[in-house]
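Residue numbers (the working numbering): -3 to 138.
C-beta: ideal position from N, C-alpha, C; glycine also.
The structure displayed is predicted, hence computed values, not measured ones.
A short worksheet on the structure shown next.
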Amino acid sequence: MALSATQRAHLLAGVGLFSATTAKGRAAIAKQAVEVEFPTGRRIARQGEIETGFFLVLTGSASVVRDGEVLAHLGPGDFFGELSLLERLPRIASVTADEPTTCLALPSWEFQRLLATEPGVAAAMLKEVARRLRAVTIDHRH
């Protein structure tokens, strides 16, 4: 696929996690992100393992499974691994490619380095994480 940094930044603008980030911040993220291809059946993330990275599905599809139960099916525009950008704890689910799948991947160590030069990225990202946490909390109380 080989997207340019500008194309990667444009894709990141459509991701809720990064949508509030400035264009400069998204460009910095895009510069560090790489495209990774996974064949059908390849495990992208493994539940219980400490893996560090964020993935945005560009093409194909993948299944999210926790303790043997399918939780979700991901397609282009969906993402996972956002918590691993902020912490080094075991994955809470596995993600497996259902068909040939290409993802835009951002390793957490590159993200941490990026925060030193673009602190606004973290602030924008934390706002989105807080928004999602609030939505989940409200959904579970009603």
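- GLY71 is the residue among TRP105, LEU102, GLY71 and GLU83 whose C-alpha sits nearest the C-alpha of VAL91.
- If you draw a straight line from the Cα of VAL61 to the Cα of ALA120, it comes to about 29 Å.
- The criterion of a C-beta distance shorter than 8 Å is not satisfied by THR97 and SER59.
- Taking a contact to require three or more Cβ pairs closer than 8 Å, the segment 28 to 36 and the segment 63 to 81 do not qualify as touching.
- Going by C-alpha positions, LEU82 is about 26 Å away from SER0.
- With respect to LEU8, ALA26 sits close: the two C-beta atoms are nearer than 8 Å.
- Judged by their CB atoms, LYS123 and ALA16 are nearer to each other than the 8 Å cut-off.
- Annotation: LYS20 to VAL66 spans about 37 Å, alpha carbon to alpha carbon.
- The criterion of a C-beta distance shorter than 8 Å is satisfied by ARG4 and LEU100.
- Across the set ALA112, LEU85 and LEU13, the C-alpha of LEU13 shows the shortest separation from the C-alpha of ARG128.
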